[in-house]
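Since the structure comes first, as structure tokens, the remarks are kept for the end.
Protein chains: 2
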Amino acid sequence: MRIGELAESTGVDVETVRFYEKSGLLPLPSREANGYRSYGKTHLERLAFIRHCRALDMPLADITRLLNFVDQPASDCGDINVLVDEQIVRVKARLKSMRALEKQLTVLRRQCGEPHSTQECGILHELVSAAHGEACACHAGH
Amino acid sequence: MRIGELAESTGVDVETVRFYEKSGLLPLPSREANGYRSYGKTHLERLAFIRHCRALDMPLADITRLLNFVDQPASDCGDINVLVDEQIVRVKARLKSMRALEKQLTVLRRQCGEPHSTQECGILHELVSAAHGEACACHAGH
DNA sequence: AGAAACCCTGTAGTCGCTACAGAGTCAAGC
DNA sequence: GCTTGACTCTGTAGCGACTACAGGGTTTCT
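Residue numbers (my numbering), protein chains in the order written: chain R, 34 to 175; chain C, 34 to 175.
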């Protein structure tokens, strides 16, 4: 299988496949006589694994560690739990701040219904008031 | 006011202040005889404005546009609404995918309660099954 | 006087790709 | 046989928003 086919069947960009190889996530494939990369089933599975982890927003460094576990079936899996737990903590934290962010933005958006001169724009007024150290509606309630 | 004081009173890193200057967000300050940057109240307010916008996760390019509006008080503010609306759309979309992500991760985490051999780890099993194109619990229900 | 804390410029690193530039290879159509 | 187009190769640079030096100069405190 050439790189284009591998990329196609995993929904990954060709450049990204080469990037994963360079980053050490994908093992070096064998080469055809012309120098083209030649992939097998194991590469396909490994790439699918990587994409699945990426869909869970795991950093590549963590995926590397997971792949090491996959390659050593006899090792203890305790660190895998830790790794997933850390990821959950990260996501939860981001989620919390995103929720606050959404609220702040909608409050801010309400400051200006109809377009008018910038001078009277409630949104800008809000943003500028922060610059004066005043309380602003969008960041008022923590 | 020197750069350290400015950074301190806005909660911004000194390097970040210089970065904002280089990016054209902060106007060039005057310099002391020794070459040190010298800031005034306007810089302080502008920097606070920038940080407030960044707290709303706006890209620097959008903040630049907002600052242009601030500098032209007579202009129409219609584009400001558009800008904020776009930001809200971005945040809502990210929020949605983050929520799905959290769910997927907690499902995944449940696959492995107690540490044991990697071979039997439910988490790895889930992740690997995706590599075989099978349905996985964490990405099962869309 | 000497050390710590500040300031300067400029460059490189982070993360996970993405987008070239410039070249070689291959299959199909005319 | 020759061109066109699609594929592949390597290597490097760019994104966004910083962060972290390296290698110097200046100020401030003791």
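Even for Gly, the Cβ is constructed at its ideal location relative to N, Cα and C.
It should be emphasised that the depicted structure is a prediction, and the values quoted were computed from it without experimental measurement.
Using a Cβ-Cβ cut-off of 9 Å, state whether residue i counts as contacting chain R.
i, result
"T151 of chain C", "yes"
"A163 of chain C", "yes"
"D90 of chain C", "yes"
"G44 of chain C", "no"
"L157 of chain C", "yes"
"V50 of chain C", "no"
"M131 of chain C", "yes"
"L59 of chain C", "no"
Along the chain, where does the alpha helix (DSSP H) that runs through residue i open and close?
i, result
"H172 of chain R", "That residue, H172 of chain R, is in no alpha helix (DSSP H); it is neither H nor E in DSSP."
"T13 of chain R", "It is not possible to answer for residue 13 of chain R, since the shown part of chain R is limited to 34 through 175."
"G111 of chain R", "111-143"
"Q45 of chain R", "Here residue 45 of chain R is Val; the residue named in the question, Gln, does not match the sequence. Premise fails: V45 of chain R is in no alpha helix (DSSP H) and is neither H nor E."
"A88 of chain R", "74-88"
Take residue i as the anchor and find which of the options has the nearest alpha-carbon.
i, options, result
"Y72 of chain C", "C:E159, C:V47, C:K136", "C:V47"
"A107 of chain C", "R:L138, R:E65, R:S150, R:L93", "R:S150"
"A168 of chain R", "C:A81, C:A66, C:G146", "C:A81"
"Q137 of chain C", "R:R143, R:V124, R:I156, R:R132", "R:V124"
"D90 of chain C", "R:Y53, R:P92, R:S162, R:S130", "R:S130"
"H85 of chain C", "C:R132, C:E119, C:D104, C:V45", "C:V45"
"E65 of chain C", "C:V161, C:E41, C:M34", "C:M34"
Does residue i have its Cβ less than 9 Å from a Cβ in chain C?
i, result
"D109 of chain R", "yes"
"K125 of chain R", "yes"
"P106 of chain R", "yes"
"H175 of chain R", "Below a pLDDT of 50, predicted positions are generally treated as unreliable, and H175 of chain R, at 46, falls in that range; the measurement from the model is reported next regardless. By this cut-off, H175 of chain R is not an interface position."
Checklist entry - When you check each C-beta in the region 136-147 of chain R against every C-beta of chain C, which residues fall closer than 7 Å? => result Q137, L138, T139, L141, R142, C145
Item to check | Any 3 or more C-beta pairs closer than 8 Å across the region 154-165 of chain R and the region 83-101 of chain C | outcome: yes
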